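Down below is the structure, laid out as structure tokens.
In full-length UniProt numbering, the protein residues as written are 1 to 222.
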């Protein structure tokens, strides 16, 4: 006979029993309430389907809309009658409180729908399914490319590049590939040179001891 453990059981110490589920280490709800039902309890409607069908309630239609006083039409007629000041417009509105505007008719008078009439929003014209299946809209020119081409890809939320201005075009070095003819920078005397290199002349010899032998070697262009 096994003794009941007064405290909570340790899950790792509970042994398995052949033919039975392992004993739980905590109390289940049905230990305290024998009538406990597991799962989501669905509250049944006391009214049965037969009662619903036998007492079918029809919807009460909304009352017809009534046209109220139109202050916009009142002010428009007041101006047409020469009431240009606030006092004159107020006086005209008090004297004519029954100015209303007839609501626009939702249905066209004398309109008879045809047998082939389709109600609703017209669908946009879609591509031909035969062309889609035959891959006519697919480009196979990039099959041998190492990387995918994202040049035509549009990123949502990305703003386009700003347009060029006159100032940006003037500062763009790509627009000026060469020097202008006759410019001041073309003169060698005006070219920038550091002060410590201004007294250094041109060197024509390529051998360090060529001057000692009286021989001068010029740079070979080849």
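Even for Gly, the Cβ is constructed at its ideal location relative to N, Cα and C. Bear in mind the structure is a predicted one, so any value in this text is a computation, not a measurement.
On the CB-based measure, 16 or more other CB atoms within 10 Å of its CB, does residue i come out buried or exposed?
{"i": "residue 221", "result": "Per-residue confidence for residue 221 stands at a pLDDT of 48, beneath the threshold of 50, marking its modelled position as unreliable; the derived number appears in the next sentence. Per the 10 Å Cβ criterion, exposed."}
{"i": "residue 202", "result": "exposed"}
{"i": "residue 216", "result": "Since pLDDT at residue 216 reaches only 48, below the 50 mark, its modelled position is unreliable, and no value is offered."}
So if DSSP puts residue i in a beta bridge, which residue, or which two residues, is it bridged to?
{"i": "residue 100", "result": "69"}
Skipping 5 residues on each side, what residues in its chain have a beta carbon closer than 8 Å to that of residue i?
{"i": "residue 89", "result": "75, 78, 79, 83"}
{"i": "residue 131", "result": "137"}
{"i": "residue 123", "result": "none"}
Please go through the same chain and pick out, in chain order, the residues whose beta-carbon is closer than 7 Å to the beta-carbon of residue i, but skip the five residues on each side of it.
{"i": "residue 167", "result": "none"}
{"i": "residue 142", "result": "149"}
{"i": "residue 114", "result": "none"}
So residue i packs on residue j, CB below 8 Å; how close in whole Å?
{"i": "residue 30", "j": "residue 36", "result": "4 Å"}
{"i": "residue 22", "j": "residue 16", "result": "5 Å"}
{"i": "residue 67", "j": "residue 103", "result": "6 Å"}
{"i": "residue 25", "j": "residue 14", "result": "6 Å"}
Suppose the cutoff is 6 Å on Cβ atoms and the five residues either side in sequence are ignored; what does the same chain contact list for residue i look like?
{"i": "residue 38", "result": "none"}
{"i": "residue 93", "result": "74"}
Q: Would you be able to state if there are at least three C-beta pairs under 8 Å between the segment 50-62 and the segment 93-101?
A: no
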